[in-house]
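Undergrad: Okay, handing you the structure first.
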Amino acid sequence: MSEGDHLAFRQIFNQYKDPIFGYSYKLTKSPTLAEEAVQEVFLKIWQNREKLDASRPIKPYLYKIAQNYVYNTLRNAAYSDKLKEQIFYNPPVCRNVTEDQVVYRDLEAFKEKAINNLPIRRQLIFRMSRVEGLSHEEIAHRLNISPHTVKDQIVKALKTIKEQLHIHTDIAVSIIFSLLLFL
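Sequential numbering of the sequence shown, starting at 19, is according to the numbering used here.
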């Protein structure tokens, strides 16, 4: 294969495509991501065929490529503000499965910790908005401040929370990874 033999490549592909798919599916619980991982693995193998060492087994190399692809995909998802916001503010509904409950508790604990790190006044405004569902005007009226101040405090709270997610990307990745396992 390192010399461009298509037949050798096809043999490796046929031998390992299903095990790589199974491994990737086990990591992601997503047939789409698993299929993408298989494609990525064999694309990389073909592109780097000249660099392959024929004296070393190919199987560990294939699995490592699949693992890296899955982890990189999840890491990139952790940096997606839209995905983080969806997960952070709309946690999944638990289905009484132990793993779902653990993930949900972890997510809630992380969210609570991020909110508790906010200054007291900002924390109060944020909770009134996100937990109690009050409008900016209702919060402003209750706290005797302007609606603009309420909006400003919520924007600052969201920015701080997003920064916490960036700082603790490992937590965000594990939460996203866990949530993908249950999709």
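For every residue, glycine included, the Cβ atom is placed at its ideal position computed from N, Cα and C. Source: prediction; values computed, not measured.
Look at E53 and F31 and say whether their C-beta atoms are less than 8 Å apart.
TA: Taking the first residue of the sequence shown as position 1, residue 53 is located at position 35. Taking the first residue of the sequence shown as position 1, residue 31 is located at position 13. In this structure, F31 does not lie closer than 8 Å to E53 by Cβ.
Undergrad: Quick check on the burial criterion: 16 or more other C-beta atoms within 10 angstroms. Buried or exposed for I58?
TA: For the purposes of this step, residue 58 is taken as the residue at position 40 of the sequence shown. The sequence shown places Glu at residue 58, rather than the Ile named in the question. Under this definition E58 is a buried residue.
Undergrad: Indicate the three-state DSSP secondary structure (helix, strand or coil) for L61 in the structure shown.
TA: Within the sequence shown, numbered from 1, the residue matching residue 61 stands at position 43. Note: L61 maps to helix in three-state DSSP.
Undergrad: So, I143 versus I157, is the Cβ gap smaller than 8 Å?
TA: Working through the sequence shown from its first residue, we reach residue 143 at position 125. Working through the sequence shown from its first residue, we reach residue 157 at position 139. Going by C-beta atoms, I143 is nearer than 8 Å to I157.
Undergrad: What's the call for K44, buried or exposed, on a 16-neighbour Cβ count within 10 Å?
TA: The residue you call residue 44 lines up with position 26 of the sequence shown. So K44 ends up on the exposed side.
Undergrad: Specify the secondary structure class of R67 as computed by DSSP and reduced to three states.
TA: Against the sequence shown, residue 67 aligns to sequence position 49. If DSSP states are grouped into helix, strand and coil, R67 belongs with the helices.
Undergrad: Roughly how many angstroms lie between the CA atoms of R225 and I83, to the nearest whole one?
TA: This structure does not reach residue 225, given that the chain is present from 19 up to 201, and the question cannot be answered.
Undergrad: If you reduce the DSSP assignment to three classes, tell me which class A72 lands in.
TA: Here residue 72 refers to the residue found at position 54 when the sequence shown is read from its first residue. Here A72 sits in coil by DSSP.
Undergrad: Cα separation between Y34 and K69?
TA: Position 16 of the sequence shown holds residue 34. Position 51 of the sequence shown holds residue 69. Distance between the alpha carbons of Y34 and K69: 19 Å.
Undergrad: For R145, which residues from the same chain have a beta carbon less than 8 Å from its beta carbon, with the 5 sequence-adjacent residues on both sides left out?
TA: Position 127 of the sequence shown, counted from the first residue, corresponds to residue 145. Taken in chain order, the residues that qualify are I133.
Undergrad: If distances are taken between C-alpha atoms only, which option among H154, K47, D36 comes closest to L92?
TA: Residue numbering aside, residue 92 sits at position 74 when the sequence shown is read from its first letter. Residue K47 is the option with its Cα nearest to L92.
Undergrad: Span of the alpha helix (DSSP H) holding E37?
TA: Mapped onto the sequence shown, residue 37 falls at position 19. Note that residue 37 is Pro in the sequence shown here, rather than Glu. Where P37 is concerned, the enclosing alpha helix (DSSP H) stretches over 24-46.
Undergrad: Looking at the secondary structure, which residues open and close the alpha helix (DSSP H) in which S147 lies?
TA: The residue given as residue 147 occupies position 129 in the sequence shown. Segment 138-148, the alpha helix (DSSP H) holding S147.
Undergrad: Pick helix, strand or coil for I172, following the three-state DSSP scheme.
TA: Here residue 172 refers to the residue found at position 154 when the sequence shown is read from its first residue. Helix at I172.
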